[in-house]
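Chains as they are written, first to last, in this note's numbering: chain A, 9 to 532; chain B, 1096 to 1279.
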């Protein structure tokens, strides 16, 4: 029998070495999850600063220059630091257990892909304390704002993006290799849990588009430092080219964020409906269709850039087409719940909220996809509201649901159900108070990314800020509940944990031992 | 085949995919974008120096050519066309003059970037001589008359009666690496 991991009882040196040199998928999953939560708190703190400044019109707390850095850093940290690593962490913990593999296929690369990530964000965050300040050009870093007019610290930003891109690519390669080569005998592709399916498709998206992002920042680096003119009209380049390249990465990126979230709720809803997932194979094909379509719709982010009418029409219709596979998924989740024996534990509450709010965000996305109407919505708070409905109520809610759902399996202790439900309702209400009014603000014409606004927007901004503080408070409660569970939660040793849970990860003992499936299980 | 022996090959393939996508972004997408704009005329990019070919001047059509001169944000020069609009027949070569004046006390280097509207006219607007083919050095206080010779192609789509040629003058004094061949 393999030896167990070093604990604090073995001394600090051994304990720290265990985490730094670990190649165990569960350890690395844990590291990813804690790192992403730390980034979530940091990005959340930036959001609180933004909402505090926008509480009233006029400049109260911070300077506009710093406000720009906050909006930029909030976006970058939440997308690349919080959401993406959180799902990589879930993948590390769950994919080997779900497919009956002893570990990830490439454990040492797994260690490297995690441990370069803190350095990327240390580099990125350190710019806030430098002369000239951090990146202030928005998370989409359009040239020439991010090249000709950028602060000198932009090179740190570029280097940070390179590192986090390398980390994502290595993590994805590992997931693909694990799923393709390490499945237990009998675990055919069409028997894999949907979380595994959505992640392997996500991983292919990541390997395909993270290098494009790396290419975009490399071209920026050369424009800034080596006199090339990729994005500089003075030398024959074209700033619009930057937008095309960025969104060629950026649109698949939004599916990279949401597909694993689809996978999570596709695991949770059947459990608490006590029914198998409705339309498993259509779910798989819908995921693949969404992934494919994500490559051919990028310019719907740039309808106002000055595109020929044929281009606008093409990108409009192609974008609308995405609603079809997404609708298939939503209907499958609803049909899974239909006539099931539903119970409403915290993970289920977050998953149902996910389905409702994500669909709402999808509908505002349909509105934005109408090229003619987008002229009005573009770069307003309507867009901010739209993507927070899909990113926060989508990705973050499903991540929260996943932690509540699998935490008992990970640590062998139950979380406090009442506290979980209280957190859910504060988060759900706080979220809607924050972002619902931003639709109204956007339709009324309030532009995004400004530190100040006209008096007519004052009331809804105050409401929005109050909701944001509520939502932020819910995350502190979440952190408290997780720590309380790990340290003092009610112990459980039921392998299945949830009555309706199905899948290989629920066949191993609770808490999950350090090494699982050293001999592969037989899958019927 | 065991998983251990399959992993290196799969790893190599996936790394190759990542490297290929990186190369695609840097070396394929920008030229592809330029090519796409050139074919469709989107962006109003004009071609380089044109060698005049003998064509019959189409006196039945009058094309109004308008000139717009703008300066990029920090460019301190005066820069404007002497004539703001001319009427030409397709096939006829015409010279027009732009005036540039460096009113700073330092020697500077400028570069004009052309753009043609409407988009479907870009391919039919030929320049046989243009100051925009080279960068423009102007000493402190110096002024210059910059010449442009152009021919509107007789194949210009019938729907186009007015062509607008716009130049933006950029300050490239600090940029020594700009290759003129990139700029037309």
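All C-beta atoms in this analysis are idealised placements derived from N, C-alpha and C, irrespective of residue type, glycine included.
Predicted model, so just to flag it, every value in this text is computed and none were measured.
### Query
With distances taken from CA atoms, which of A:128, A:108 and A:179 is nearest residue 197 of chain A?
One-based indexing of the first chain puts residue 197 of chain A at position 189. That would be A:108, whose Cα lies nearest to the Cα of residue 197 of chain A.
#### Entry: C-alpha distance - residue 382 of chain A paired with residue 1228 of chain B, whole-angstrom precision
For the purposes of this step, residue 382 of chain A is taken as residue 374 along the first chain, with counting starting at 1. For the purposes of this step, residue 1228 of chain B is taken as residue 133 along the second chain, with counting starting at 1. Taking the straight line joining both Cα atoms gives about 38 Å.
### Task
Mark residue 69 of chain A as exposed unless 16 or more other C-beta atoms lie within 10 angstroms of its C-beta, in which case mark it buried.
By one-based count along the first chain, residue 69 of chain A stands at place 61. Answer is exposed; the Cβ neighbour count stays below 16.
### Message
Please identify the residue among A:448, A:476, A:424 and A:475 whose C-alpha is closest to the C-alpha of residue 464 of chain A.
### Response
Locating residue 464 of chain A in the first chain gives position 456, counting from the first residue. The option with the nearest alpha carbon to residue 464 of chain A is A:448.
### Message
Rounded to the nearest angstrom, what separates residue 153 of chain A and residue 250 of chain A at their Cα positions?
### Response
Indexing the first chain from 1 puts residue 153 of chain A at position 145. Indexing the first chain from 1 puts residue 250 of chain A at position 242. Near 11 Å, if we compare the C-alpha coordinates of residue 250 of chain A and residue 153 of chain A.
### Query
Excluding five sequence neighbours on each side, which residues of the same chain lie with their C-beta closer than 6 Å to the C-beta of residue 526 of chain A?
As a first step, residue 526 of chain A must be located in the first chain, where it is residue number 518. So the list reads 110, once near-sequence residues are dropped.
### Task
Could you name the residues that DSSP lists as bridge partners for residue 1205 of chain B?
Numbered from its first residue, the second chain carries residue 1205 of chain B at position 110. In DSSP, residue 1205 of chain B forms a bridge with B:1231 and B:1266.
### Query
Do you know offhand how far residue 1164 of chain B's Cα is from residue 1175 of chain B's?
Taking the second chain and counting its residues from 1, the one referred to as residue 1164 of chain B is at position 69. Taking the second chain and counting its residues from 1, the one referred to as residue 1175 of chain B is at position 80. Looking at the two C-alpha atoms, the distance is approximately 5 Å.
### Task
Pick helix, strand or coil for residue 1274 of chain B, following the three-state DSSP scheme.
Residue numbering aside, residue 1274 of chain B sits at position 179 when the second chain is read from its first letter. Any reading at residue 1274 of chain B must be qualified, since the residue scores a pLDDT of 45, below 50, and its modelled position is unreliable; the value itself is stated next. In the structure shown, residue 1274 of chain B sits in coil (DSSP, three-state: anything other than H, G, I, E or B).
### Nearest candidate by alpha-carbon position, reference residue 520 of chain A, set A:91, A:341, A:82 and A:101
By one-based count along the first chain, residue 520 of chain A stands at place 512. Answer by Cα proximity: A:101.
### Task
Select from the stretch 447 to 474 of chain A all residues with a C-beta closer than 8 Å to any C-beta belonging to chain B, and list them in chain order.
none
### Query
At what residue ranges does the stretch 44 to 120 of chain A contain a whole run of the alpha helix (DSSP H), taking only runs of 4 or more?
72 to 84 and 92 to 107
### Query
Counting contacts by CB-CB distance shorter than 9 Å, is residue 216 of chain A in contact with chain B?
Looking up residue 216 of chain A in the first chain gives position 208. At least one chain B Cβ lies under 9 Å of residue 216 of chain A.
### Query
Taking buried to mean at least 16 other C-beta atoms within 10 Å of its own C-beta, is residue 330 of chain A buried or exposed?
Taking the first residue of the first chain as position 1, residue 330 of chain A is located at position 322. Its Cβ being crowded by 16 or more others within 10 Å, residue 330 of chain A is buried.
### Task
Give the interface partners of residue 1267 of chain B over in chain A, defined as CB-CB distance under 8 Å, in chain order.
Taking the second chain and counting its residues from 1, one reaches residue 1267 of chain B at position 172. Those are 242 and 243, listed as they occur along chain A.
### Task
Please list the partners that residue 188 of chain A has in chain B, where partner means a Cβ-to-Cβ separation under 7 Å.
Position 180 of the first chain, counting from 1, holds the residue named residue 188 of chain A. The answer, in chain order, is 1105.
### Task
Could you tell me whether the stretch 463 to 478 of chain A touches the stretch 431 to 442 of chain A, where touching means 3 or more Cβ pairs closer than 8 Å?
yes
### Query
For a contact meaning CB atoms closer than 8 Å, what does residue 317 of chain A contact in chain B?
In the first chain, the residue the question calls residue 317 of chain A occupies position 309. Residues of chain B passing the Cβ test: none, with the nearest at roughly 11 Å.
#### Entry: Stretch-stretch touch, CB-based, cutoff 8 Å, three pairs: the stretch 57 to 69 of chain A with the stretch 482 to 497 of chain A
no
### Task
Would you kindly work out how many angstroms separate the C-alpha atoms of residue 1247 of chain B and residue 1220 of chain B, rounded to a whole number?
To locate residue 1247 of chain B, count along the second chain from 1; it is residue 152. To locate residue 1220 of chain B, count along the second chain from 1; it is residue 125. The alpha-carbon atoms of residue 1247 of chain B and residue 1220 of chain B are separated by roughly 5 Å.
### Query
Between the beta-carbon of residue 221 of chain A and the beta-carbon of residue 257 of chain A, is there less than 9 Å?
In the first chain, residue 221 of chain A corresponds to position 213, counting from 1. In the first chain, residue 257 of chain A corresponds to position 249, counting from 1. It is a contact, given that the beta carbons lie within the stated cut-off.
### Query
When you check each C-beta in the stretch 91 to 117 of chain A against every C-beta of chain B, which residues fall closer than 9 Å?
109, 113, 114 and 117
### Task
Report yes if the C-beta distance between residue 1189 of chain B and residue 1236 of chain B is below 9 Å; otherwise report no.
To locate residue 1189 of chain B, count along the second chain from 1; it is residue 94. To locate residue 1236 of chain B, count along the second chain from 1; it is residue 141. No, these two residues do not count as a Cβ contact at 9 Å.
### Task
Could you give the DSSP three-state label for residue 499 of chain A: helix, strand or coil?
Position 491 of the first chain, counted from the start, is the residue given in the question as residue 499 of chain A. Strand at residue 499 of chain A.
### Task
Would you decide whether residue 191 of chain A is buried or exposed? Buried here means 16 or more other CB atoms lie within 10 Å of its CB.
Numbered from its first residue, the first chain carries residue 191 of chain A at position 183. Its Cβ being crowded by 16 or more others within 10 Å, residue 191 of chain A is buried.
### Query
Starting from residue 327 of chain A and walking both ways along the alpha helix (DSSP H), at which residues does that stretch end?
Here residue 327 of chain A refers to the residue found at position 319 of the first chain. Its alpha helix (DSSP H) spans residues 317 to 329.
### Task
Please report the Cβ distance between residue 93 of chain A and residue 43 of chain A, rounded to the nearest whole angstrom; I am assuming they are in contact, meaning their Cβ atoms lie under 8 Å.
By 1-based counting over the first chain, the position of residue 93 of chain A is 85. By 1-based counting over the first chain, the position of residue 43 of chain A is 35. That pair is a contact at about 6 Å.
### Task
With 9 Å as the threshold, decide whether the Cβ of residue 220 of chain A is near any Cβ in chain B.
Counting from one through the first chain, the residue named residue 220 of chain A turns up at place 212. Interface residue, yes.
### Task
Return helix, strand or coil for residue 1166 of chain B, following the three-state DSSP convention.
Within the second chain, numbered from 1, the residue matching residue 1166 of chain B stands at position 71. Strand.
### Task
Taking only runs that begin and end inside the stretch 193 to 250 of chain A, name each unbroken beta strand (DSSP E) of 3 or more residues, in chain order.
none
### Query
So which residues on chain A does residue 1113 of chain B lean against when the C-beta distance must stay under 7 Å?
Stepping through the second chain from its first residue, residue 1113 of chain B is reached at position 18. What residue 1113 of chain B touches in chain A: 177, 215 and 219.
### Query
How about residue 180 of chain A: is its C-beta nearer than 9 Å to some C-beta of chain B?
Reading the first chain from its first residue, position 172 is the one you call residue 180 of chain A. Chain B contact via Cβ: present.
#### Entry: Proximal residues to residue 126 of chain A (C-beta, below 8 Å), its chain only, five neighbours per side dropped
On the first chain, position 118 is the one that residue 126 of chain A refers to. Taken in chain order, the residues that qualify are 43.
### Query
Taking only beta-carbon atoms, is residue 238 of chain A less than 9 Å away from chain B?
On the first chain, position 230 is the one that residue 238 of chain A refers to. Residue 238 of chain A counts as touching chain B.
### Message
So the candidates are B:1196, B:1179 and B:1143; which of them puts its Cα closest to the Cα of residue 1234 of chain B?
### Response
Sequence index remark: in the second chain, residue 1234 of chain B carries index 139 (1-based). Closest option to residue 1234 of chain B, Cα to Cα, is B:1196.
### Span of the beta strand (DSSP E), counted from its first residue to its last, around residue 1241 of chain B
Walking along the second chain from the start, residue 1241 of chain B turns up at place 146. Looking at the DSSP string, the run of the beta strand (DSSP E) that includes residue 1241 of chain B is 1238 to 1247.
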